[in-house]
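Which chain is which? The protein sequence lines are A and B, in order. In our numbering, each residue's number is its place in the first sequence (first place is 1) plus 72. In our numbering, each residue's number is its place in the second sequence (first place is 1) plus 8. A short worksheet on the structure shown next.
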Amino acid sequence: SATGGAKQRNPNRSKGANKGQEALRVANIAENSSADQKQACKKHELYVSFRDLGWQDWIIAPEGYAAYYCEGECAFPLNSYMNATNHAIVQTLVHLINPDTIPKPCCAPTQLHAISVLYFDDSSNVILKKYRNMVVRACGCH
Amino acid sequence: NFTLDNEVHSSFIHRRLKSQERREMQREILSILGLPHRPRPHLHGKHNAAPMFMLDLYNAMSTEGKEDGYSYPYKPIFTTQGPPIATLQDNNFLNDADMVMSFVNLVERDTEFLPVWRHHREFRFDLSRIPEGEAVTTAEFRIYKGFIHERFDNETFRISVYQVLEEHIDRESDLFLLDSRVIWAAEDGWLVFDLTVTSNQWVLNPGHNLGLQLALESTDGVSVNPRLAGLIGRSGPQNKQPFMVAFFKATEVHLRSIR
């Protein structure tokens, strides 16, 4: 808030403000570098082998599948819809509605695709089932 | 290159899972597959015709989208009326299906019914274990006809498949003719009969599922023992056992829970 009547800018005050900005700048650098150390949001591979699970007696095919998962740090996805101004509005609105929650973007799948599994049921009937949205194809910040 | 290579390689290393991790992974995948527990099939069913047919179907679907596309396995044999009456008109049925299920034949009786001599075979399939929310889009009954040597090439048989509507102790069951066609004695291969309507009835009213009857007649109307005409039954080779297969479409969207 602007304080009225102060003609002369208080030399000490400006010195104090500089220190604050300096501290903020250093914090930003620290945060950025730590963010760099923490990986950016991306797809990671986790191979699931049905054989390793001891299931080859009832799962006929496939032998296993690449079950990806998304992990990593997210910067708010600034794009054609969410530019810096809208970002600030969203942050302010969310803050006004619920001050103690900070809207944090999350690293999650942006594309999924199907996998087919062939397996026996208890009566030795055979089931070939297509599971949509089973395997992550791409990750992104939501 | 070393770090890149190392990074790529490390993402593919799947180390031996610890027992706790293994149990968690099993629970996780069973929940995704929509199964309450891991099935325990009895082993002798593994090499029947149905699992082999389904594996061909799985491989056909896995190659879909390749340049040469895929061909529906176990093409039906020609009948005297010309090209096979493939109940599944084109390969799109595979694309559209969310699930395909084959059913083992639960019973088979070769019955010669007195006083009128009438050979026929009965088949039963249990459709009560179909996962919730799946509707039958296509279904077929498949039976293999082997080559018979001692018959003359130009001899033919009339093969008829009936749905059993009601059974009686003292007389023949009430039957509904599903399909009838004339086949060459010298022909061998899979015979395919459309069961789509019957399967939907059996799914909606499991109590009405009294199975199928198959009968064979010579051209002059005399009942013929199916075995003598080369029709493979329960005692035949495992990879030619009769079975039923149904194609399903999910009636509701299965939303995966966020994990």
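All C-beta atoms in this analysis are idealised placements derived from N, C-alpha and C, irrespective of residue type, glycine included.
{"Query": "Could you tell me whether the Cβ atoms of residue 116 of chain A and residue 143 of chain A are closer together than 8 Å?", "Result": "yes"}
{"Query": "Helix, strand or coil for residue 254 of chain B? Go by DSSP, reduced to three states.", "Result": "strand"}
{"Query": "Can you look up residue 200 of chain A in the DSSP assignment and give me helix, strand or coil?", "Result": "strand"}
{"Query": "Hey, how far is the Cα of residue 165 of chain B from the Cα of residue 135 of chain B?", "Result": "30 Å"}
{"Query": "Is residue 152 of chain A close to chain B, meaning its C-beta is less than 8 Å from at least one C-beta of that chain?", "Result": "no"}
{"Query": "Starting from residue 187 of chain B, follow its DSSP beta bridges and name the residues at the other end.", "Result": "B/169"}
{"Query": "Can you grab the Cα-Cα spacing for the pair residue 37 of chain B / residue 102 of chain B, in whole Å?", "Result": "24 Å"}
{"Query": "Along chain A, in chain order, which residues have C-beta atoms closer than 8 Å to that of residue 152 of chain B?", "Result": "Those do not exist, as residue 152 of chain B stays about 17 Å from chain A at its closest Cβ, beyond 8 Å."}
{"Query": "Given a threshold of 16 other Cβ atoms within 10 Å of its Cβ, counted over all protein chains shown, does residue 229 of chain B qualify as buried or as exposed?", "Result": "exposed"}
{"Query": "Using a Cβ-Cβ cut-off of 8 Å (strictly less than) and excluding sequence neighbours within five positions of residue 214 of chain B, which residues of its own chain qualify?", "Result": "135, 136"}
{"Query": "What in chain A is Cβ-close to residue 58 of chain B, meaning under 7 Å?", "Result": "198"}
{"Query": "Flag residue 112 of chain B as yes if its beta-carbon sits less than 8 Å from any beta-carbon of chain A, otherwise no.", "Result": "yes"}
{"Query": "Under 8 Å between the Cβ atoms of residue 112 of chain B and residue 256 of chain B?", "Result": "no"}
{"Query": "Are residue 203 of chain A and residue 40 of chain B close, meaning C-beta to C-beta below 8 Å?", "Result": "yes"}
{"Query": "Can you tell me whether residue 259 of chain B is helix, strand or coil according to DSSP?", "Result": "coil"}
{"Query": "Is residue 175 of chain B helix, strand or coil by DSSP?", "Result": "coil"}
{"Query": "Tell me, please, whether the segment 153–163 of chain A touches the segment 119–130 of chain A by the rule of three or more beta-carbon pairs shorter than 8 Å.", "Result": "no"}
{"Query": "Where does residue 183 of chain A land, buried or exposed, given buried means 16+ other C-beta within 10 angstroms?", "Result": "exposed"}
{"Query": "Would residue 110 of chain B and residue 211 of chain B be called neighbours here (beta carbons separated by less than 8 Å)?", "Result": "no"}
{"Query": "Is the segment 58–72 of chain B close to the segment 183–195 of chain A, with three or more CB pairs under 8 Å?", "Result": "yes"}
{"Query": "Which of the three DSSP states, helix, strand or coil, is assigned to residue 234 of chain B?", "Result": "coil"}
{"Query": "Near residue 232 of chain B, which residues of its chain fall below 7 Å by C-beta distance, leaving aside the five closest residues on each side in sequence?", "Result": "127, 165, 224, 225, 226"}
{"Query": "Could you check which residue in B/141, B/139, B/115 has the C-alpha nearest to that of residue 130 of chain B?", "Result": "B/115"}
{"Query": "Run down chain B in chain order and give the residues with a C-beta less than 7 Å from the C-beta of residue 133 of chain A.", "Result": "63, 66"}
{"Query": "Spatial neighbours of residue 106 of chain B within its chain, please: C-beta separation below 8 Å, excluding the five flanking residues on both sides.", "Result": "142, 256, 257, 258"}
{"Query": "Run down chain A in chain order and give the residues with a C-beta less than 9 Å from the C-beta of residue 70 of chain B.", "Result": "133, 134, 188"}
{"Query": "When you compare each of B/153, B/50, B/220, B/43 to residue 187 of chain B by their alpha carbons, which one comes out closest?", "Result": "B/220"}
{"Query": "Which complete alpha helix (DSSP H) runs does the segment 121–175 of chain A hold, if anything under 4 residues is left out?", "Result": "156–169"}
{"Query": "Tell me the rounded alpha-carbon separation between residue 218 of chain B and residue 179 of chain A.", "Result": "54 Å"}
{"Query": "Would residue 165 of chain A be called buried (16 or more neighbouring beta carbons within 10 Å of its own) or exposed?", "Result": "exposed"}
{"Query": "Using only CA atoms, which one of A/198, A/208, A/214 lies nearest to residue 47 of chain B?", "Result": "A/198"}
{"Query": "Are any of the Cβ atoms in chain B nearer than 8 Å to that of residue 208 of chain A?", "Result": "no"}
{"Query": "What separation, rounded to the nearest whole angstrom, lies between the Cα atoms of residue 172 of chain B and residue 240 of chain B?", "Result": "21 Å"}
{"Query": "Confirm, please, whether the CB-CB distance from residue 137 of chain A to residue 120 of chain A is below 8 Å.", "Result": "yes"}
{"Query": "Identify the continuous beta strand (DSSP E) that holds residue 139 of chain B and give its terminal residues.", "Result": "Neither: residue 139 of chain B is in no beta strand (DSSP E) and is coded neither H nor E."}
{"Query": "Name, please, each residue of chain A whose Cβ falls closer than 9 Å to the Cβ of residue 137 of chain B.", "Result": "193, 194, 195, 197"}
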